[in-house]
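This report concerns only the one structure given below.
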Ligand code: DOR
Ligand code: ZN
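Residue numbers (this note's numbering): 212 to 694.
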């Protein structure tokens, strides 16, 4: 393979319009992770500069702020003038439904969708079928991911009232990022809400505990009172701020009592974010979803069950507070909670439709659109979606453009705005809650270990093409303990 020949490679792909080619020329097999990106606008940890970046054998070998890196023989060369080069995003909160619900997603479709959205590493939640609550299930998922994904990947073990020993058995295991506790019921049947069981888990496990913080007792007392309501506004009234705040305070107290790392997933309310700003300390981290930063009660009214999720999309003032607490550093990262459900299952309407929405393909463009609209800076987005998740989960050598770090990258176009439609998506459910929005920041190249896994042409198909054979790129993630 000579230099400047990359256009030949992009004539064919693994998936174009969803059809597998018979003898695809595997980009990942031919390129070996050697890559030179020239004239990109590079978002480095200490500023934005134009220049070149070289990846050798999958590792960022050199960063040249003034450019001038000469191509080596055998390297893929990308002339990136006008494109922003950022670290590949790390999404620490996805539900890829594998095993159990392949009609909604599996590790292959979810990982391709992630790559299409500039996400090069994901952490998958345990409410699959069966639930991932044992070492055997985790080993199975990790083996599956090695065969099916085109990105880096890690998995949560789900907590039950009785599986402390299983949680201890996976502690420190490659590919296991932490423990997920559903403190309130949501999709699936994972639930731990009794104090003695929560104490047992916090006292006898290590690593990161990630909690879905909604109070089960309050949910149980409120859901029957709202059962006559068929208007979707009832959702946020029923699963109210108090439900979330009670559980957030309770999880925080457990973390402090047992000196245990805690990550509170998807904050939705100003009350929780304000309380955490005063009480978080060093043990606790937290996250917010793109949709909670973007939508409010009016969007819920307009989008209906597409915007139904747990915890709910709340009110304008909550959205504003979440932005404020993200900017002041209380909230550590921005995630998707990619939770695909088919439109057919959604068609049951409120309150019977399942809660959750897809997000991995649109999160980075949506956040970069917020940046271009003046809500925040491009460096903020990189901090929240790349460096932040790496810090929270102790993922080494990812999330920043630094020499010696892994060659996981996205080259995004911040000049053009494109309206996204359901048909532009890779998720198996084939829809997005952001349909109809005009977004910028679409990844033109998504790169894992120096290999191009997803490609768009500026002005071409917004769906783009997926270029890697399942299992040929990406690795199981390793997690260091975070003090
Ligand atoms: O809305 C949600 N959907 N919240 C959750 O906690 C789970 C998720 C899902 O798996 O569908
Ligand atoms: Zn979730």
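Glycine included, C-beta positions come from ideal geometry on N, C-alpha and C. These numbers come from a predicted model, not from an experiment.
Within 10 angstroms of the Cβ of residue 688, are there 16 or more other Cβ atoms? Answer buried if so, exposed if not. buried
For residue 265, count neighbouring Cβ atoms within 10 angstroms of its own Cβ and tell me buried if that reaches 16, exposed if not. Residue 265 is classed as buried because its beta carbon has at least 16 other beta carbons within 10 Å across all chains shown.
Would residue 331 and residue 593 qualify as a contact pair, given that the criterion is a beta-carbon distance under 8 Å? No. Outside cutoff.
Please tell me whether residue 316 and residue 662 are closer than 8 Å, where the distance is taken between their beta carbons. No; because the gap between Cβ atoms is not below 8 Å, this pair is not in contact.
Under DSSP, the alpha helix (DSSP H) around residue 625 begins and ends at which residues? Looking at the DSSP string, residue 625 is not in any alpha helix (DSSP H), and its letter there is neither H nor E.
According to DSSP, residues forming a beta bridge with residue 391: For residue 391, which the question treats as bridged, DSSP gives the partners 369, 421.
Hey, residue 299 and residue 571: beta-carbon distance below 8 Å or not? no
Segment limits, beta strand (DSSP E) that includes residue 467: Taken as a continuous stretch (DSSP letters only), residue 467 belongs to no beta strand (DSSP E), being part of the alpha helix (DSSP H) at 452-469.
Please report the distance separating the alpha-carbon of residue 378 from that of residue 345. 7 Å
Buried/exposed call for residue 559, threshold 16 Cβ in 10 Å: exposed
Would you mind sorting residue 576 into buried or exposed? The rule is 16 or more other CB atoms within 10 Å of its CB. buried
Can you tell me whether residue 630 is buried or exposed? The criterion is at least 16 other CB atoms within 10 Å of its CB, across all chains shown. exposed
Opening and closing residue of the beta strand (DSSP E) in which residue 653 lies: 653-659
Below 6 Å CB to CB, which residues in the same chain sit around residue 595 once its five sequence neighbours on both sides are set aside? 544, 545
Sequence-distant residues of the same chain with beta carbon closer than 7 Å to residue 691, five excluded per side: 605, 607
Taking buried to mean at least 16 other C-beta atoms within 10 Å of its own C-beta, is residue 698 buried or exposed? Not covered by the structure: residue 698. The range shown for the chain is 212 to 694.
Is residue 439 buried or exposed, if buried means 16 or more other CB atoms sit within 10 Å of its CB? exposed
Quick one: using the 10 Å Cβ neighbour count with 16 as the cut-off for buried, is residue 428 buried or exposed? Taking all protein chains shown into account, residue 428 has fewer than 16 neighbouring C-beta atoms within 10 Å of its C-beta and is therefore exposed.
Assign residue 249 to one of two classes, buried (16 or more other C-beta atoms within 10 Å of its C-beta) or exposed (fewer than that). Burial of residue 249 is indicated by the presence of at least 16 other C-beta atoms within 10 angstroms of its C-beta.
Considering only residues of the same chain and omitting the five flanking positions on each side of residue 397, which have a CB-CB separation below 8 Å? 338, 423, 425, 521, 566
Residue environment, residue 321, which counts as buried when at least 16 other CB atoms sit within 10 Å: Label assigned to residue 321: buried.
Between the alpha carbons of residue 234 and residue 307, how many angstroms are there, rounded? Here the model assigns residue 234 a pLDDT of 35, short of 50, so the residue's position is not dependable, and the following value carries that caveat. For residue 234 and residue 307, the distance between alpha carbons rounds to 28 Å.
Within 7 Å: the Cβ of residue 521 and any heavy atom of the ligand DOR? Correct: residue 521 has its Cβ closer than 7 Å to the ligand DOR.
Among the candidates 679, 490, 573, 557, whose CA atom is the shortest distance from the CA of residue 516? Of 679, 490, 573, 557, the residue nearest in Cα terms is 557.
Confirm, please, whether the CB-CB distance from residue 244 to residue 263 is below 8 Å. No, these two residues do not count as a Cβ contact at 8 Å.
Report the rounded CA-to-CA distance for residue 349 versus residue 430, giving the unit in angstroms. 30 Å
Sequence-ordered residues whose beta carbon comes within less than 7 Å of a heavy atom of the ligand ZN: 304, 306, 336, 423, 476, 477, 548, 550
How about residue 589 and residue 533: are their beta carbons less than 8 Å apart? Remark: C-beta atoms of residue 589 and residue 533 do not approach each other more closely than 8 Å.
In whole angstroms, what is the alpha-carbon distance linking residue 511 and residue 407? 37 Å
Candidates 506, 474, 531, of which the one nearest residue 603 by Cα: 474
Straight-line gap, residue 444 to residue 519 (C-alpha atoms, nearest Å): 10 Å
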